[in-house]
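Engineer: Throughout the sequence shown, residue numbering follows my numbering, covering 22 to 438 in sequence. We put the CB at the ideal spot given by N, CA and C, even for glycine. Quick one: the structure is below, questions incoming.
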Amino acid sequence: MLDEVKIYVKGGDGGAGAVAFRREKYVPLGGPSGGDGGKGGDVLFVVDPRLSTLAAFQKRVHFKAESGKHGSSNNKTGASGSDHTVYLPPGSIVRDIDTGQVLADLVKPGQHFLAAQGGRGGRGNSRFKTSTNQAPRMAEKGELGQERWLLIELKLIADVGIVGVPNAGKSTLLSVISAARPKIAPYPFTTLEPNLGVAIVGDRELVFADIPGLVEGAHAGVGLGHSFLKHIQRTRLLIHLLDGASSNPMGDFVQISTELALYDESLGKRPQIVALNKIDLPQAQELWPEIKEEISGHGLPVVAISGATHQGIQDLLNLALESYDSLPEPEQEPTIPVFRPKEDEDLFQVTREGDVFRVTGKRIERAAAVTYWQYDEAVLRFQRILAALGITDALIAAGIRVGDTVLIGDYELEWAE
Ligand SMILES: Nc1nc2c(ncn2[C@@H]2O[C@H](COP(=O)(O)OP(=O)(O)OP(=O)(O)O)[C@@H](O)[C@H]2O)c(=O)[nH]1
Ligand SMILES: [Mg+2]
Numbered sequence: 022m023l024d025e026v027k028i029y030v031k032g033g034d035g036g037a038g039a040v041a042f043r044r045e046k047y048v049p050l051g052g053p054s055g056g057d058g059g060k061g062g063d064v065l066f067v068v069d070p071r072l073s074t075l076a077a078f079q080k081r082v083h084f085k086a087e088s089g090k091h092g093s094s095n096n097k098t099g100a101s102g103s104d105h106t107v108y109l110p111p112g113s114i115v116r117d118i119d120t121g122q123v124l125a126d127l128v129k130p131g132q133h134f135l136a137a138q139g140g141r142g143g144r145g146n147s148r149f150k151t152s153t154n155q156a157p158r159m160a161e162k163g164e165l166g167q168e169r170w171l172l173i174e175l176k177l178i179a180d181v182g183i184v185g186v187p188n189a190g191k192s193t194l195l196s197v198i199s200a201a202r203p204k205i206a207p208y209p210f211t212t213l214e215p216n217l218g219v220a221i222v223g224d225r226e227l228v229f230a231d232i233p234g235l236v237e238g239a240h241a242g243v244g245l246g247h248s249f250l251k252h253i254q255r256t257r258l259l260i261h262l263l264d265g266a267s268s269n270p271m272g273d274f275v276q277i278s279t280e281l282a283l284y285d286e287s288l289g290k291r292p293q294i295v296a297l298n299k300i301d302l303p304q305a306q307e308l309w310p311e312i313k314e315e316i317s318g319h320g321l322p323v324v325a326i327s328g329a330t331h332q333g334i335q336d337l338l339n340l341a342l343e344s345y346d347s348l349p350e351p352e353q354e355p356t357i358p359v360f361r362p363k364e365d366e367d368l369f370q371v372t373r374e375g376d377v378f379r380v381t382g383k384r385i386e387r388a389a390a391v392t393y394w395q396y397d398e399a400v401l402r403f404q405r406i407l408a409a410l411g412i413t414d415a416l417i418a419a420g421i422r423v424g425d426t427v428l429i430g431d432y433e434l435e436w437a438e
């Protein structure tokens with residue numbers, strides 16, 4: 022699963038303008054007739070909702086548009102280079118590789134981004150004809166196409182994750198509730214990377230992710246590994262799909278729940294709706310009463326559905342929307358705690374200028390600020406703090422005598438016995 026790729030894009034260079042002159046019968050030297058060069062093609066990024074990963078960029082990272090053709094005689098403009106379109110999945114963020122600045126946030130199907138502009142074609146010599154120069158022997162070169170490296174990140178933003186053992190029917194469910202067309206097959210590990218689909222529930226949209234099948238040890242990388250598990254960390258809700266054709270759906274349930282919790286404790290606690298799939302099969306119908314009771318016993322909502330006949334699907338969607346709306350956003354990714362040494366507030370410093378002693382220090386200055394100097398008790402208490410912090414001793418060591426002035430914060434005190 023690729024979340025981030027660096028790709029190189031280059032617009033086509035503009036074609037060169039031509040230097041040519043008309044050749045006509047009986048005209049020794051005709052006027053200039055060199056055509057302009059063609060424009061270089063652009064490299065465009067376009068959102069394709071059928072894509073859900075950046076996997077295509079494992080094979081190829083350089084994309085160049087075609088250059089413009091050179092201009093030619095008879096004022097013929099060179100052909101423009103064709104554009105090169107690169108398709109990206111929805112949720113792709115395009116960044117400048119050096120500054121990290123976001124250049125485009127590609128979300129909507131069909132949304133465009135001009136990744137690299139093609140160069141302008143050079144002007145042919147007929148454009149340089151003036152009253153004083155009727156036969157210019159000059160033309161322009163084409164402008165070079167823009168080139169740059171871009172960083173593309175994929176935000177896989179799913180609201181609801183569909184999890185379960187291989188072959189449970191997760192991809193089938195996604196294909197029923199959305200326009201997504203994931204591969205479906207009667208063998209395990211058909212889905213290799215998460216697929217996203219948007220389901221319309223009433224007047225709302227929910228993005229579902231069909232997660233590859235999980236097996237025992239998935240948290241440690243068994244099966245297809247666990248890199249895709251992080252993509253369900255941001256989902257608010259899980260649909261845990263049980264395979265009604267399995268010999269032991271409850272055993273599967275416990276196993277998958279364990280894998281999720283082992284991968285990430287909070288994922289194990291993520292709200293779940295359990296759905297027994299393939300209820301069209303007699304085998305599943307037989308299992309249903311017992312499963313319903315057991316899952317309800319765990320305090321979880323449970324429904325019976327069939328991706329094949331669509332039984333129970335609308336109930337499941339309504340339930341999903343209802344729980345989704347009642348849930349808070351999932352916790353933010355944990356930030357790294359920063360430990361700073363705590364400032365020692367008791368520290369103080371005594372400085373002497375003649376018979377004036379200045380005491381600085383956070384705690385003692387605060388104590389001075391909150392003392393009601395008009396009350397003896399308060400003053401006594403302040404003196405106890407001075408002693409406790411070792412300031413009295415420090416002042417004596419510094420040579421203070423009765424009648425000298427002590428400055429603490431904004432206060433001026435007279436030293437007495
Ligand atoms: N009878 C019946 N078969 C179903 C139902 N849903 C899915 N299937 C079949 O179960 C098999 C597996 O379906 P998938 O949707 O590929 O299962 P998956 O959970 O995505 O499997 P992986 O991607 O391999 O983890 C296919 O042969 C489906 O046709 C259902 O409701 N009833
Ligand atoms: Mg699948």
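With distances taken from CA atoms, which of Thr372, Leu297, Gly102 is nearest Asp336?
Structural biologist: Locating residue 336 in the sequence shown gives position 315, counting from the first residue. Comparing Cα-Cα distances from Asp336 to each of Thr372, Leu297, Gly102, the minimum goes to Leu297.
Engineer: If you draw a straight line from the alpha carbon of Pro355 to that of Lys191, how long is it in whole angstroms?
Structural biologist: The residue you call residue 355 lines up with position 334 of the sequence shown. The residue you call residue 191 lines up with position 170 of the sequence shown. Because Pro355 carries a pLDDT of 38, less than 50, the predicted location of this residue cannot be relied on, and no value is offered for it.
Engineer: I want to check one thing, is the minimum distance from the CB of Thr211 to the heavy atoms of ligand 2 below 7 Å?
Structural biologist: Working through the sequence shown from its first residue, we reach residue 211 at position 190. Yes, the Cβ of Thr211 comes within 7 Å of a heavy atom of ligand 2.
Engineer: Whose C-beta lies closer than 6 Å to the C-beta of Gln167 among residues of the same chain, with five residues either side of it excluded?
Structural biologist: Along the sequence shown, one-based indexing puts residue 167 at 146. So the list reads Gly32, Ala137, Gln138, once near-sequence residues are dropped.
Engineer: For Glu25, report the span of its beta strand (DSSP E) as first-last.
Structural biologist: As a position in the sequence shown, residue 25 is number 4, starting the count at 1. It spans 25 to 31 - the beta strand (DSSP E) in which Glu25 sits, taken as one unbroken run.
Engineer: Relative to the C-alpha of Val123, which residue among Ile114, Gly131, Lys129 is closest?
Structural biologist: Taking the sequence shown and counting its residues from 1, one reaches residue 123 at position 102. Comparing Cα positions, the closest option is Ile114.
Engineer: Please state whether DSSP places Gly149 in a helix, a strand or coil.
Structural biologist: Stepping through the sequence shown from its first residue, residue 149 is reached at position 128. In the sequence on display, residue 149 carries Phe and not Gly. Three-state DSSP puts Phe149 in a helix.
Engineer: Which residue comes first and which comes last in the beta strand (DSSP E) that contains Tyr432?
Structural biologist: Translated into the one-based positions of the sequence shown, residue 432 becomes position 411. Taken as a continuous stretch (DSSP letters only), the beta strand (DSSP E) holding Tyr432 covers 432 to 435.
Engineer: Along the beta strand (DSSP E) that carries Leu109, what are the first and last residues, could you check?
Structural biologist: On the sequence shown, residue 109 is found 88 positions in, with the first residue counted as 1. Start and end: 105 to 109.
Engineer: For the structure I just gave you, are there three or more beta carbon pairs, one from the region 152 to 165 and one from the region 53 to 61, closer than 8 Å?
Structural biologist: The region 152 to 165 vs the region 53 to 61: in contact.
Engineer: Figure out for me which residue from Ile406, Phe378, Arg402, Asn339 has the closest Cα to the Cα of Val435.
Structural biologist: In the sequence shown, the residue the question calls residue 435 occupies position 414. Just to set this straight, residue 435 is Glu in the shown sequence, not Val. Selected option, being the one with the closest Cα: Phe378.
Engineer: What residue does the alpha helix (DSSP H) around Ser287 start on, and which one ends it?
Structural biologist: Within the sequence shown, the letter at position 266 stands for residue 287. Here the alpha helix (DSSP H) through Ser287 covers 286 to 289.
Engineer: Using a Cβ-Cβ cutoff of less than 6 Å, which residues in the same chain neighbour Arg373 once the five nearest sequence positions on both sides are dropped?
Structural biologist: For the purposes of this step, residue 373 is identified with residue 352 of the sequence shown, where counting begins at 1. Around Arg373: Ala419.
Engineer: Rounding to the nearest angstrom, what Cα-Cα distance links Gln494 and Ile312 in this structure?
Structural biologist: The structure shown does not extend to residue 494, since the chain is modelled only from 22 to 438, so the question has no answer here.
Engineer: Helix, strand or coil for Asp117 per DSSP?
Structural biologist: Residue mapping note: residue 117 aligns to position 96 of the sequence shown, counting from 1. Looking at Asp117 - three-state DSSP - the assignment turns out to be strand.
Engineer: According to DSSP, is Gln395 part of a helix, a strand, or is it coil?
Structural biologist: Start at 1 with the first residue of the sequence shown, and residue 395 comes out as number 374. Gln395 falls in the coil class under three-state DSSP.
Engineer: List the DSSP bridge partners of Pro102.
Structural biologist: In the sequence shown, counting from the first residue as 1, residue 102 sits at position 81. Just to set this straight, residue 102 is Gly in the shown sequence, not Pro. Gly102 is not bridged to any residue.
Engineer: Any heavy atom of ligand 3 within a distance shorter than 7 Å of the CB on Pro270?
Structural biologist: By its list of ligands, the structure shown excludes ligand 3, since it contains just ligand 1 and ligand 2.
Engineer: Please state whether the Cβ-Cβ distance between Arg257 and Tyr393 is less than 8 Å.
Structural biologist: As a first step, residue 257 is located in the sequence shown; it is residue number 236 there, counting from the start. As a first step, residue 393 is located in the sequence shown; it is residue number 372 there, counting from the start. No, the Cβ-Cβ distance between Arg257 and Tyr393 is not below 8 Å.
Engineer: Please identify the residue among Trp170, Val30, Ser347, Val186 whose C-alpha is closest to the C-alpha of Val64.
Structural biologist: Along the sequence shown, one-based indexing puts residue 64 at 43. Ranking the options by Cα distance to Val64, first place goes to Val30.
Engineer: Identify every run of the beta strand (DSSP E) within the region 150 to 181, keeping only runs that are complete inside it and at least 3 residues long; order them along the chain.
Structural biologist: Runs found: 168 to 175.
Engineer: So if DSSP puts Asp264 in a beta bridge, which residue, or which two residues, is it bridged to?
Structural biologist: Working through the sequence shown from its first residue, we reach residue 264 at position 243. For Asp264, which the question treats as bridged, DSSP gives the partners Asn298.
Engineer: Out of curiosity, what's the CA-to-CA distance linking Leu250 and Glu286?
Structural biologist: Taking the first residue of the sequence shown as position 1, residue 250 is located at position 229. Taking the first residue of the sequence shown as position 1, residue 286 is located at position 265. Rounded to the nearest angstrom, the two C-alpha atoms are 12 Å apart.
Engineer: So is Lys90 buried or exposed if we call it buried at 16+ other beta carbons inside 10 Å?
Structural biologist: Residue 90 sits at position 69 when you count from the first residue of the sequence shown. So Lys90 ends up on the buried side.
Engineer: Could you compute how far the alpha carbon of Glu214 sits from the alpha carbon of Leu368?
Structural biologist: Position 193 of the sequence shown, counted from the first residue, corresponds to residue 214. Position 347 of the sequence shown, counted from the first residue, corresponds to residue 368. Computed Cα separation, rounded: 59 Å.
Engineer: Using a Cβ-Cβ cut-off of 7 Å (strictly less than) and excluding sequence neighbours within five positions of Ile198, which residues of its own chain qualify?
Structural biologist: Taking the sequence shown and counting its residues from 1, the one referred to as residue 198 is at position 177. Counting only Cβ-Cβ distances below 7 Å, and skipping sequence neighbours, we find Gly218, Ala220, Phe229, Ile334, Leu338.
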